[in-house]
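Notes for the one structure printed next.
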Amino acid sequence: MDVLDQIRAFVATAQSGSFTGAAEQLGISNRLTSKYVAELETRLGVRLFQRTTRKVGLTAAGEDLLARAPLLLEDFDDLLAEVSEGPRGLTGVVRVSAPVTFGEIYAAGMLGRFAETHPDLSVDLRLSDTYVDLATDGIDVAFRIGSFDLASFKVRRLGTFRSVPVASPDYIARNGVPETPDDLARHTCIVDTNRRNSRRWIFERDGAEVAAAISSRFKVNSARAAVELAIQGLGVAYTPRFALGNYLEEARLLPLLTEYSGEASELGAVYLEGRTLPNKVRALIDFVADDIRTTNIL
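The sequence shown: position 250 = 251 (our numbering), numbered continuously.
As structure tokens, this is what we get:
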């Protein structure tokens, strides 16, 4: 019996918590799923599951196997996909993670452009502002903003963007223009709680860092929401340039403190250390590096 079928049955059973769930996921019978797992246990000489009448639970050996088996299966599937690509181009699925606002404003459109030239490739885009575990969630590449854990990942740095303080013309007409970061203390600010330090906005001038303590009426966990509130004239927002779209060009929002540089953050494509990078992932990362320059998103 093919050991890969046995491992697939084991992983599906462990992830679903039952042979029934695994059988549905794999499209085979309960009996065959149970048989595959039993044969794998015989092959290894250990029990992988503690079985009850309603569900199964992993043994210590099962937990050890589950920690590595999904990546083994992914690598094998990637290998088969790459060998079979030939003149057809990229195939299979590429799983991408991105922060919500960056994903909605840029990554979704970029992936559409990438997919146009690879009709046999499927894309799974997952947006989240919380930390995503690439190994656990089966993510091929994640776009991350800020600092990177180089001990666990490889990073392709894609560029640096700066945040911009903005307000609507109506807000400025009613409240005046802040001349220095300290003036923000007298303005209504819209806080994006996703920022590293949402209560202090950081600027630079002549190579020196300038921190501004701000007060807020609105707190949101989305740069896009902060921009929408600013357009309504409800305060000053401090957001990445990519979150502003064409609002500056259309003069729906006005840049503030233009003699200061906004806080800089790095954008990187992150993937797992120690894995051979599949062609589809390498091609995507290369495409993004070029596309970012073309679209001037940063």
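For each residue, glycine too, the CB sits at the ideal point set by N, CA and C. Being a predicted model, the structure only gives us computed values, none of them experimental.
For A227, the enclosing alpha helix (DSSP H) stretches over residues A224 to I232. The beta-carbon separation of L257 and V237, rounded to 7 Å, stays under the 8 Å limit for a contact.
The region 206 to 217 makes no contact with the region 281 to 291: fewer than 3 CB pairs, one atom from each, lie closer than 8 Å. Minimum Cα-Cα distance from D76 among the listed residues T131, L5, Y107 and K155 corresponds to L5. Among the bridge pairs identified by DSSP, L122 is matched with G93. If only complete runs of 3 or more residues are kept, the region 188 to 227 shows the beta strand (DSSP E) at 190 to 193, 201 to 206, 209 to 214 and 217 to 221, in order along the chain.
Spatial neighbours of L59 in its own chain (CB-CB distance under 8 Å, excluding positions within 5 residues in sequence) are listed in chain order as A15, L49, F50, Q51 and L67.
Within its own chain, the residues whose Cβ lies closer than 8 Å to the Cβ of Q7, once the five positions on either side in sequence are excluded, are Y37, V38, E40, L41 and R44, listed in chain order. Linking R157 to V97 through their CA atoms gives a straight-line distance of about 14 Å. Going by DSSP, I293 is part of the alpha helix (DSSP H) stretching over N280 to T296. Judged by DSSP secondary structure, K56 falls outside any alpha helix (DSSP H); it is assigned neither H nor E. Taking C-alpha positions only, V192 is separated from F219 by approximately 6 Å. The beta carbon of D125 sits closer than 8 Å to the beta carbons of V94, V95, R96 and V97 from its chain, once the five residues preceding and following it are set aside; these are given in chain order. Apart from the 5 residues on each side of it in sequence, S35 sits with its Cβ closer than 6 Å to the Cβ of F20 in its chain, given in chain order.
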